[in-house]
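Q: Before we start, here is the structure in question, set down as structure tokens.
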Amino acid sequence: MPSPEPDPEIKHTKIFINNEWQNSVSGKVFPVYNPSNGEKICEVQEADKADVDKAVQAARLAFSLGSVWRTMDASERGRLLSRLADLVERDRTYLATLESLDSGKPFLSAFYVDLLGTIKTLRYFAGWADKIHGITIPMDGDYFSFTRNEPIGVCGQIIPWNFPLLMTAWKLAPALCCGNTVVLKPAEQTPLSCLYMGSLIKEAGFPPGVVNILPGFGPTAGAAIASHMGIDKVAFTGSTEVGKLIQEAAGRSNLKRVTLELGGKNPNIIFADADLDIAVEQAHQGVFFNNGQCCTSGSRVYVEEPIYEEFVRRSVERTKRRVVGSPFDPTTEQGPQISKEQQNRVLEFIQSGINEGARLECGGKALGLKGFFIEPTIFSNVSDDMRIAKEEIFGPVQQIMKFKTIEEVIERANNSDYGLTAGVFTKDINKAMTVGSENVCVCVCVCVCVYFLCMLNSEITDLQKFLSCEPLSRILT
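Read the sequence shown against my numbering and you will find it ends at 523, with the numbers running on by one and no gaps.
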């Protein structure tokens, strides 16, 4: 079993522009905290608009006609991505330790999920680099017509705090695969692993200016990326509210392309014929994985009436066994929330559930004297009009609701502003297919809850097919 590095050295806290480590133009720094104990880990240089301008200038120069990057063979771009994957694999333990340190996720989860996913993503898109083809178009007369796919240019990328390194790979790999350059802002809560990636990008041999990493805050650095006239496309993962602001800024500036991966309030439908042991465990993991901080979290659990009470009983029993503690303890299943602000937000949701009449089956309180821990929480007897059933909580809170017919549950599951994922548990393939075809969610999983899915856009959610050729279409012209 892998073990985290004890007292890991924080190697990089500066801005990464043009393959060089730099202080911010303003000289400002900001603290990064350990959510397990609330203590400061280090201070990081704070990028703002002036630093974004420098990074965009470097990225545009790297993308200019005749540059090393623009004239590089596609197969060589793939080789660099493959080399980067090898370096991430070499430093996998250190990177997983950093992920746990500033995000609070269990180390083993970071090692086996986040880092493995990062490595696989880089290698997957490394293989696509020399397989991006145009088409020939039949024309009347003596004409020959064809298309070429070209990189779009400078891509701005804004990364969330719940999967810092994996989300970096999901955005970075397809952009580099196609020959774009990147200005990337990690979340201010979790910049450490992303900054270390800068050193690996340089070591792998990417030319200066191809990747630029700017730790900073959304209202300053993030807003500058979204509205910058020198950025051709912006990708954002985060809240729906901020996504709307980015879409607006992109439209007001240069009508840059936008890819948004926003929130979810995902239904998980359990029919009476389902294997109850599997359904309980999958529904449990589908809510509480990553400390409940997933846009794909299946927090709206609909259970058919004949098995409702038994499902609630078993779910409560399983949740009371869930181990909450230090991310570096190998027995830990759940770490802290990312911040005091997020902890308070989740606790406020829990209190609203109590106030609106839902039955608190277990949990519901902050845990421990240090850090931002919350007891894994279950509500039963939840109605669809309650806040906890309508709004994304982004924390370890499961709502279990009862239904009688398939028609009823489809209508209720679809009654949401979101349309990201859904789950269905049944032994009847006809039921599964009916739910899948009638559900507005863009990805419906049968008898499993998964956390990283292949999805298209629907309603106010837009999540690309990250491990397919689909992201390439968004960063090519």
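From the three backbone atoms N, C-alpha and C, an ideal C-beta is built for every residue, glycine too.
Bear in mind the structure is a predicted one, so any value in this text is a computation, not a measurement.
Would you give the residue range spanned by the beta strand (DSSP E) that E407 belongs to?
A: Element bounds for E407: 405-408.
Q: Tell me whether the region 400-419 and the region 451-460 touch, counting them as touching only if at least three CB pairs, one residue from each stretch, are closer than 8 angstroms.
A: Touching, no.
Q: Let me know the secondary structure DSSP gives I277 once reduced to three states.
A: Note: I277 maps to coil in three-state DSSP.
Q: Closest by CA to L413, which one among G399, T423, F440?
A: Among G399, T423, F440, the Cα nearest to that of L413 is on T423.
Q: Does the count of Cβ pairs from the region 433-452 and the region 353-362 closer than 8 angstroms reach three?
A: Yes: at least three Cβ pairs fall under 8 angstroms.
Q: So, helix, strand or coil for W67, using DSSP?
A: W67 falls in the strand class under three-state DSSP.
Q: Spatial neighbours of D474 within its chain, please: C-beta separation below 8 angstroms, excluding the five flanking residues on both sides.
A: So the list reads F317, D319, once near-sequence residues are dropped.
Q: Around the Cβ of I63, are there at least 16 other Cβ atoms within 10 angstroms (buried) or fewer (exposed)?
A: It counts as buried.
Q: Checking the sheet assignment: what are the DSSP bridge partners for I204?
A: I204 is bridged to K231, F282.
Q: Opposite L413 in the DSSP bridges: which residues?
A: DSSP, once it has assigned bridges, lists F419 as partnering L413.
Q: Under a three-way DSSP split, which group does C88 fall into?
A: The answer is strand: DSSP assigns C88 an E or B state.
Q: DSSP three-state call for F335: helix, strand or coil?
A: Note: F335 maps to helix in three-state DSSP.
Q: Do A104 and F171 come within 7 angstroms of each other at the CB atom, strictly closer than that value?
A: Contact: no.
Q: Alpha carbon to alpha carbon, how far is E287 from R364?
A: Their Cα atoms are separated by approximately 34 angstroms.
Q: How would you label R136, buried or exposed, when you count the other beta carbons within 10 angstroms and need 16 or more for buried?
A: So R136 counts as exposed.
Q: Counting only the same chain and skipping the five closest in sequence on each side, list residues whose C-beta sits under 6 angstroms from that of K411.
A: Cβ within range, chain order: E421.
Q: Taking the alpha carbon of T143 as the reference point, which residue from S128, D160, T182 has its own alpha carbon closest?
A: With distances taken between Cα atoms, T143 lies closest to D160.
Q: Is Q203 closer than 7 angstroms to A96 when the C-beta atoms are compared?
A: No. Outside cutoff.
Q: Provide the residue span of the alpha helix (DSSP H) that contains T365, from first to last.
A: That run of the alpha helix (DSSP H) goes 354-366.
Q: May I ask you to report which of helix, strand or coil DSSP gives E307?
A: Three-state result, E307: strand.
Q: Determine the closest residue to E122 out of I247, N69, C223, with distance taken between C-alpha atoms.
A: It is C223.
Q: Taking DSSP as the reference, what is the three-state secondary structure of Y158?
A: Helix.
Q: Run through DSSP, which three-state label would A320 get?
A: A320 falls in the coil class under three-state DSSP.
Q: Say whether the region 438-446 touches the region 319-339, bearing in mind that this needs 3 or more beta-carbon pairs closer than 8 angstroms, one atom from each stretch.
A: The region 438-446 is in contact with the region 319-339.
Q: Take every Cβ of the region 239-248, pair it with every Cβ of the region 176-185, and state whether three or more of those distances are shorter than 8 angstroms.
A: Contact between the region 239-248 and the region 176-185 is absent, because fewer than three Cβ pairs lie under 8 angstroms.
Q: Less than 7 angstroms between the beta carbons of I87 and V75, yes or no?
A: Not in contact: I87 and V75 (Cβ atoms no closer than 7 angstroms).
Q: Return yes when the Cβ of Q380 is within less than 7 angstroms of the Cβ of V370, no when it is not.
A: Yes.
Q: Does the beta-carbon distance from N258 to M275 come in below 7 angstroms?
A: The answer is no: Cβ separation not under 7 angstroms.
Q: Pick from Y464, Y348, F334: whose alpha carbon is nearest that of G409?
A: Cα-wise, what sits closest to G409 is F334.
Q: May I ask which residues mark the beginning and end of the alpha helix (DSSP H) holding K217?
A: 210-223 is the extent of the alpha helix (DSSP H) around K217.
Q: Taking only the alpha-carbon atoms, compute the straight-line gap between L260 and P81 and give it to the nearest angstrom.
A: Between L260 and P81, the C-alpha separation is close to 22 angstroms.
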